[in-house]
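K.L.:
Here's a structure for you.
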Amino acid sequence: MKVNVLFFGCVAQMTGVMRMEVSAGDTDQLRDEIARQFPSLKKMPFAIALNQDIIQYNTPLNENDEVAFLPPFAGG
Amino acid sequence: MTRWHSCRLLPEDNMPSEIRFVEGAIRPDEIAKLIAGQSDNTGLGAHALFAGQVRADVHDNGSIRYIDFSAYIQMAEKVFRDICRNTNAKFKVRDIHILHSTGKVNAGEICFVAMVSGIHRQDAFDALRFVVEEVKARVPVFGKEVGANEMVRWKQNT
């Protein structure tokens, strides 16, 4: 499945891009693929949002899903 | 020039609430407009308001000069809808307005405003605290603190 991956905050600073397209079947595969391309990600705290909802567990992906890598929030 | 993305909640949500992202600092007149905008809602008796200001905290890089905010706006709108539903279930309030900055906000300037409107002050006060804590914990906003010599530290809510 091709999904749209978004990066924010310090994660975007580390990757050097705000978005990219990646093929993966589930969120664990996607996380591994992103970590392979950007090894520094392994040292960073982040959450994953699938279609704007934070997920806690490995989740299957569908074509054109939006997956965001979110560092700790700092609003307010 | 002020630019914003806004999300006005649907009528079926039963609350004409709004989250709005403003480029740069939130000016005092924008806060005044929030209050003035409620003057036709004559059933309301209380507006509780919180304003967050960028603090010149001192770190290893010197004191903070400004914070450069960014946000995942589509998710922020979705989370805000959920916060409104939860607030509506817990408190007797009618309306929630959130303003948050994106981009550069200097120390001493306002970056976040929450206003909760209701019939009576007690529910407005209680709901305001709930809303502020929920926004800080759940709305995806990111802040790059920039100090002396453009040294950077990423802000993290506690």
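In the order they appear, the protein sequences are chains F and U.
Each step along the first sequence adds one to the number in the working numbering, with nothing skipped, and position 55 is 94.
Each step along the second sequence adds one to the number in the working numbering, with nothing skipped, and position 103 is 99.
We put the beta carbon where it would ideally sit given N, CA and C, even for glycine.
1. Please classify asparagine 102/U: does DSSP put it in a helix, a strand, or coil?
2. Taking histidine 43/U as the reference, give the member of Ala32/U, Asp53/U, Met147/U with the closest Cα.
3. With DSSP as the reference, identify every bridge partner of isoleucine 79/U, one or two as the case may be.
4. Name, in chain order, the residues that DSSP records as bridge partners for tyrosine 62/U.
5. Along chain F, in chain order, which residues have C-beta atoms closer than 8 Å to that of asparagine 153/U?
6. Which residues mark the beginning and the end of the beta strand (DSSP E) in which valine 42/F is found?
7. Between the region 71 to 83 of chain F and chain U, which residues of the former have CB atoms less than 8 Å from a CB of the latter, in chain order?
8. Which chain F residues are close to histidine 43/U, counting only those with a beta carbon under 7 Å from its beta carbon?
9. Taking the alpha helix (DSSP H) that glutamate 72/F belongs to, which residues open and close that run?
10. Would you call methionine 59/F buried or exposed, if buried means 16 or more other Cβ atoms sit within 10 Å of its Cβ?
11. Note down the Cα distance separating asparagine 82/U from cysteine 107/U, rounded to an integer number of angstroms.
12. So, is the C-beta of alanine 52/U closer than 9 Å to a C-beta in chain F?
13. Between the region 65 to 77 of chain U and chain F, which residues of the former have CB atoms less than 9 Å from a CB of the latter, in chain order?
14. Identify whether arginine 125/U lies in helix, strand or coil by the three-state DSSP scheme.
15. Give a yes or no on whether the minimum CB-CB distance between cysteine 80/U and chain F is below 9 Å.
16. Which residue or residues does DSSP assign as beta-bridge partners of glutamate 19/U?
17. Taking the continuous beta strand (DSSP E) assigned at isoleucine 93/F, which residues delimit it?
18. Can you give the beta carbon distance from valine 101/U to alanine 21/U, rounded, assuming they're within the 8 Å contact cut?
19. Please check the pair valine 9/F and leucine 69/F, which I expect to be a contact at CB under 8 Å, by giving their CB distance rounded to whole angstroms.
20. Which chain U residues are close to glutamine 91/F, counting only those with a beta carbon under 7 Å from its beta carbon?
21. Keeping to the same chain, check which residues put their C-beta closer than 7 Å to that of threonine 54/F; ignore five residues upstream and five downstream.
22. Which residues mark the beginning and the end of the alpha helix (DSSP H) in which glutamate 26/U is found?
23. Which word fits alanine 85/U, buried or exposed, when buried means at least 16 other C-beta atoms lie within 10 angstroms of its C-beta?
24. I'd like the list of long-range same chain contacts for serine 66/U, defined as Cβ closer than 7 Å, with 5 residues on each side in sequence excluded.
P.N.:
According to the data block:
1. strand
2. Ala32/U
3. The partner list for isoleucine 79/U (beta bridge, DSSP) is empty, contrary to what the question assumes.
4. Asn102/U, Val142/U
5. Simply Pro111, Phe112, Ala113, Gly114, Gly115.
6. 41 to 46
7. none
8. Within chain F, no residue comes near histidine 43/U; the closest Cβ sits about 19 Å away, beyond 7 Å.
9. 66 to 76
10. exposed
11. 24 Å
12. no
13. Phe65, Ser66, Ala67, Tyr68, Gln70, Met71, Ala72, Glu73, Lys74, Val75
14. helix
15. no
16. Thr98/U
17. 92 to 94
18. Confirmed, about 5 Å.
19. Residue 9/F is absent from the structure shown; chain F starts at 40 and stops at 115.
20. Gln70, Met71, Lys74
21. Phe46, Phe77
22. 24 to 32
23. exposed
24. Thr98, Phe138
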